[in-house]
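Trainee: Once you've had a glance at the structure underneath, I'll fire off some questions.
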Amino acid sequence: MLAAVLDWLADPWAQALGRRALLEVVLLGLAGGALGCWVVFYDLAYSAESLAHALLPGLVVAALLGLPLLLGGAVGLLVAALAVALAGRVEGVGRDTGVAVVVTTLFGLGVLLALSAETPAGLQDLLFGDVLGVSDTDLALAGGLVVVLLGALAVLHPRLLAVGFDRGSARGLGVRAGVVDAALLLLLAGALLVAVQCLGNLLVVAVLVAPASAARLLTRRMAPMLALAGALAVLAGVAGMYLSYHAGTAAGASIALALVASYGVAALARPLLAR
Amino acid sequence: MSLLVADGLAVGYGGAPVLRDVRFAIEPGERVAVLGPNGGGKTTLFRTVLGELVPAEGRLDVHGRCAVVPQTERSRLDFPVSALDVAVMGALSRLPWWRRPGRAERATASAALARVGLADREGTTFGDLSGGQRQRVLVARALVQDAPVLLLDEPFTGLDAASADRLETLMRELAAEGRALLIATHDVEQARAWDRVLCLNGRQVAYGAPAAALTRPVLEATYGTDIVDLECVEHGGHTVVLPAHHHHH
Ligand SMILES: Nc1ncnc2c1ncn2[C@@H]1O[C@H](COP(=O)(O)OP(=O)(O)O)[C@@H](O)[C@H]1O
Ligand SMILES: [Mg+2]
């Protein structure tokens, strides 16, 4: 009996493929969970989703040309940022509408390109991720992301707190809200770029939003919230991989499901903890 | 030397100025009541002092750092910070951008909270405090900034009598330390006890010692004839104006 349980637990990691995927998911969970707390409190969930979708054509073009996806994604992000900036200036079009038009256009363009016959990677991997196809470069990138991101969040922490709490007073406190915003957006763009290849275009936002929202329900201070969100994201990532392995479901989608479930569990646990 | 000098100041938000003809000189140790109706330009003046708005005309010279106690309704109640976290934010202006507040900063913040009577509330989440306590936390944050000029934007709004008395005492002490305090308020009676009044209604109506400046024509020009006539009560020989939204005391 015990042996069966242990086998069940150990099986997914028996091969190098599974172990690499596990490491990648743990790294992205740590980064996504912590960054997600700030995304939630700075109301950046919509921006995150827009950025993730808008970089699709870049990924597809890179896949078509046989270039690194990272490069394609970075160019895609730049093009999207420029297009959004320009769309925001068109007379009579609101900022949200401008962003929506640009993002939908770029996303549609990406899908169109991906449906062309020569696309090698196939649309599916770019949309839903390729958790099991993790390369050494991907792992190194994810590791770098975690180090840079957690370091930056630690340094920026007091300023992020001050601006998020009371933007209007930031300047009076000697904190430049614009610089803090820009730094956070830069971190977000970097995290999306690295995470999108593993978790996919449609699902990457889940790792940012779901664990952070869950942690928000259970904690009352920023530092424990960051830690809890990271832990929840890692747990959900691992749970999702078990689900995928044993139920034969798609890895990216299973992880996304587990991430959303973590929020559900937190919502249920909250009344119990509040007593 | 004056800490704050305005000379023909006009300021707005891109369009026509919403505040004009501002002229004053504020000395260390003065408590200045900034009076005016809603939309009169009190907050606009404060934002100009802080450098957030640039004068359209004239000039405003600020000699020394400024700390502000904002109108409380501007801060977020759902944010995961304690009273101490908020008070510590006052130390950021003295630290280079890569430095995090440490033990010394927390001790300063702790002392500031004690000074506003919230020593036992350090660990309470900001959003869980009462309105008066939140106001005092923001005053503590300004104390941590240790600036020679303090701007308080309607700090008495929502305070009960005991908190208001405590804040009044604290303001007297801060002025005695040689700081200049600008206090936006709706309470003309209270302003009579301070050193200067600045009456704003889209423009500067009057500036000077309360006894000389707070004449009936000035009050009418500041608040409009209707309000003064409707809400005027004789009170120990003084005219007391109670604008419609005046509730505490
Ligand atoms: N951000 C803004 N943009 C444009 N107009 C503003 C802005 N803030 C305030 N105003 C206008 O400036 C005038 C003065 O406002 P304010 O300084 O907030 O008044 P008070 O603080 O005395 O109630 C009002 O007419 C108000 O509508
Ligand atoms: Mg105001």
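Here the protein sequences come in this chain order: C and D.
The letter at position 128 of the first sequence is residue 177 when you use the working numbering, and the numbering goes up by one with no holes.
The letter at position 73 of the second sequence is residue 147 when you use the working numbering, and the numbering goes up by one with no holes.
We treat Cβ as the ideally placed atom computed from N, Cα and C, and that holds for glycine.
Check each candidate in A130(C), A123(C) and A261(C) and name the one with the smallest Cα separation from D92(C).
Mentor: Looking up residue 92(C) in the first sequence gives position 43. Cα-wise, what sits closest to D92(C) is A261(C).
Trainee: I'd like to know whether the C-beta of D179(C) is nearer than 8 Å to at least one C-beta of chain D.
Mentor: One-based indexing of the first sequence puts residue 179(C) at position 130. No, because no Cβ of chain D sits closer than 8 Å to the Cβ of D179(C).
Trainee: Is the Cβ of A141(D) closer than 8 Å to any Cβ of chain C?
Mentor: In the second sequence, counting from the first residue as 1, residue 141(D) sits at position 67. Yes, contact with chain C.
Trainee: Just checking, does the segment 186-200 of chain C make contact with the segment 69-88 of chain C on the three C-beta pairs under 8 Å criterion?
Mentor: Result yes; three or more Cβ-Cβ pairs closer than 8 Å.
Trainee: Please determine whether the Cβ atom of V92(D) lies at a distance below 7 Å from any heavy atom of ligand 1.
Mentor: Residue mapping note: residue 92(D) aligns to position 18 of the second sequence, counting from 1. Indeed, a heavy atom of ligand 1 lies less than 7 Å from the Cβ.
Trainee: Check Q246(C) in the structure and name its three-state DSSP category.
Mentor: In the first sequence, residue 246(C) corresponds to position 197, counting from 1. Note: Q246(C) maps to helix in three-state DSSP.
Trainee: Use the C-beta contact count for Y281(D): other C-beta atoms within 10 angstroms, 16 or more gives buried, fewer gives exposed.
Mentor: As a first step, residue 281(D) is located in the second sequence; it is residue number 207 there, counting from the start. Answer is buried; the Cβ neighbour count reaches 16.
Trainee: Threshold first: 4 residues or longer. Then list the alpha helix (DSSP H) segments lying entirely within the segment 197-244 of chain C, N to C.
Mentor: 216-219, all fully within the segment 197-244 of chain C.
Trainee: Would you check if the distance between the CB atom of L55(C) and the CB atom of L108(C) is smaller than 8 Å?
Mentor: Residue mapping note: residue 55(C) aligns to position 6 of the first sequence, counting from 1. Residue mapping note: residue 108(C) aligns to position 59 of the first sequence, counting from 1. Not a contact, by the Cβ cut-off of 8 Å.
Trainee: Are the beta-carbon atoms belonging to A136(C) and V124(C) less than 8 Å from one another?
Mentor: If you number the first sequence from 1, residue 136(C) lands on position 87. If you number the first sequence from 1, residue 124(C) lands on position 75. No, Cβ-Cβ distance for A136(C) and V124(C) is not below 8 Å.
Trainee: Is there a Cβ of chain D sitting closer than 8 Å to that of R319(C), yes or no?
Mentor: Here residue 319(C) corresponds to residue number 270 of the first sequence, with the count starting at 1. For R319(C), the answer is no, since every Cβ of chain D falls outside 8 Å of its Cβ.
Trainee: Relative to the C-alpha of E104(D), which candidate in L256(D), E294(D) and V279(D) has its C-alpha closest?
Mentor: Locating residue 104(D) in the second sequence gives position 30, counting from the first residue. Among L256(D), E294(D) and V279(D), the Cα nearest to that of E104(D) belongs to L256(D).
Trainee: Reducing DSSP to helix, strand and coil, say where L169(D) ends up.
Mentor: Your numbering for residue 169(D) matches position 95 in the second sequence. Looking at L169(D) - three-state DSSP - the assignment turns out to be coil, as it is neither helix nor strand.
Trainee: Taking C-alpha atoms, which residue in R139(D), G125(D) and R94(D) lies nearest to A216(D)?
Mentor: In the second sequence, the residue the question calls residue 216(D) occupies position 142. That would be R139(D), whose Cα lies nearest to the Cα of A216(D).
Trainee: So which residues of chain C does L124(D) contact, with C-beta pairs closer than 8 Å?
Mentor: For the purposes of this step, residue 124(D) is taken as the residue at position 50 of the second sequence. Residues of chain C passing the Cβ test: R220 and G221.
Trainee: So, are the CB atoms of R319(C) and L284(C) less than 8 Å apart?
Mentor: In the first sequence, the residue the question calls residue 319(C) occupies position 270. In the first sequence, the residue the question calls residue 284(C) occupies position 235. No, Cβ-Cβ distance for R319(C) and L284(C) is not below 8 Å.
Trainee: Roughly how far, in whole angstroms, is the beta-carbon of L187(D) from the beta-carbon of Q209(D), given that I think they are within contact range, below 8 Å?
Mentor: As a position in the second sequence, residue 187(D) is number 113, starting the count at 1. As a position in the second sequence, residue 209(D) is number 135, starting the count at 1. That belief does not hold up - the Cβ atoms of L187(D) and Q209(D) are roughly 13 Å apart, past 8 Å.
Trainee: Is it the case that the CB of G205(D) approaches a heavy atom of ligand 1 more closely than 7 Å?
Mentor: Position 131 of the second sequence, counting from 1, holds the residue named residue 205(D). G205(D): no, Cβ never under 7 Å from ligand 1.
Trainee: My assumption, with CB atoms under 8 Å, is that L126(C) sits in contact with L100(C). Please give the rounded CB distance.
Mentor: The residue given as residue 126(C) occupies position 77 in the first sequence. The residue given as residue 100(C) occupies position 51 in the first sequence. Contact holds; Cβ gap of about 6 Å.
Trainee: Between which residues of its own chain and Q246(C) is the CB-CB distance below 6 Å, once the five residues before and five after are set aside?
Mentor: Within the first sequence, the letter at position 197 stands for residue 246(C). Answer for Q246(C): L118, listed in chain order.
Trainee: Starting from F98(D), find everything on chain C with Cβ-Cβ shorter than 8 Å and list it in chain order.
Mentor: Locating residue 98(D) in the second sequence gives position 24, counting from the first residue. The contacting residues do not exist; F98(D) stays about 20 Å from chain C at best.
Trainee: Mind listing, in chain order, the continuous alpha helix (DSSP H) runs of no fewer than 4 residues lying wholly within the segment 114-181 of chain D?
Mentor: Entirely contained in the segment 114-181 of chain D, the alpha helix (DSSP H) runs reaching 4 residues are, in chain order, 116-123 and 157-162.
Trainee: Sort A250(D), S76(D), A258(D) and L224(D) by Cα distance to F230(D) and report the nearest one.
Mentor: Residue 230(D) sits at position 156 when you count from the first residue of the second sequence. It is A258(D) whose Cα lies nearest to the Cα of F230(D).
Trainee: Note down, in chain order, every chain D residue with its Cβ under 9 Å from the Cβ of T268(C).
Mentor: What you label residue 268(C) is simply residue 219 of the first sequence in a count that begins at 1. Correct list: P154.
Trainee: Relative to ligand 1, what is the chain-ordered list of residues with a Cβ closer than 6 Å to any of its non-hydrogen atoms?
Mentor: Answer in sequence order: Y87(D), V92(D), G110(D), N112(D), G113(D), G114(D), G115(D), K116(D), T117(D) and T118(D).
Trainee: Apply the 10 Å Cβ neighbour rule to L235(C) and answer buried if 16 or more other Cβ atoms are within range, or exposed otherwise.
Mentor: Taking the first sequence and counting its residues from 1, one reaches residue 235(C) at position 186. L235(C) is exposed by the Cβ-count criterion.
Trainee: Could you please give the first and the last residue of the uninterrupted beta strand (DSSP E) stretch that includes Y291(C)?
Mentor: On the first sequence, position 242 is the one that residue 291(C) refers to. Counting along the chain, Y291(C) falls outside any beta strand (DSSP E), though it belongs to the alpha helix (DSSP H) covering M271 to A296.
Trainee: Could you tell me whether the Cβ atoms of T243(D) and C273(D) are closer together than 8 Å?
Mentor: Looking up residue 243(D) in the second sequence gives position 169. Looking up residue 273(D) in the second sequence gives position 199. Contact flag unset, no.
Trainee: Is Q145(D) a contact residue of ligand 2, with contact defined as CB to any heavy atom under 7 Å?
Mentor: Position 71 of the second sequence, counted from the first residue, corresponds to residue 145(D). Yes - ligand 2 has a heavy atom lying nearer than 7 Å to the Cβ of Q145(D).
Trainee: Classify S165(C): buried if its beta carbon has 16 or more other beta carbons within 10 angstroms, exposed otherwise.
Mentor: In the first sequence, counting from the first residue as 1, residue 165(C) sits at position 116. Burial call: exposed.
Trainee: Ligand 2 and D227(D): does any heavy atom of the ligand fall closer than 7 Å to the residue's C-beta?
Mentor: Counting from 1 along the second sequence, the entry for residue 227(D) is found at position 153. Flag set: Cβ of D227(D) near ligand 2.
Trainee: My output table needs one value for A254(D): the three-state DSSP class, helix, strand or coil.
Mentor: By one-based count along the second sequence, residue 254(D) stands at place 180. A254(D): strand per DSSP, three-state reduction.
Trainee: Between the alpha carbons of G279(C) and A83(C), how many angstroms are there, rounded?
Mentor: Along the first sequence, read from residue 1 onward, the residue named residue 279(C) stands at position 230. Along the first sequence, read from residue 1 onward, the residue named residue 83(C) stands at position 34. If I take the Cα positions, the gap works out to 5 Å.
Trainee: Check whether the Cβ of G311(D) lies closer than 8 Å to any Cβ atom in chain C.
Mentor: Stepping through the second sequence from its first residue, residue 311(D) is reached at position 237. A caution first: G311(D) carries a pLDDT of 45, below 50, which makes its placement in the model too unreliable to give a value.
Trainee: Below 8 Å, can you find three or more Cβ-Cβ pairs linking the segment 178-185 of chain C to the segment 241-257 of chain C?
Mentor: With the cut-off at 8 Å, the segment 178-185 of chain C and the segment 241-257 of chain C touch.
Trainee: Just verifying my parser: in three-state terms, what is the DSSP assignment at G298(D)?
Mentor: Taking the second sequence and counting its residues from 1, the one referred to as residue 298(D) is at position 224. Reduced to three states, the DSSP call for G298(D) is coil.
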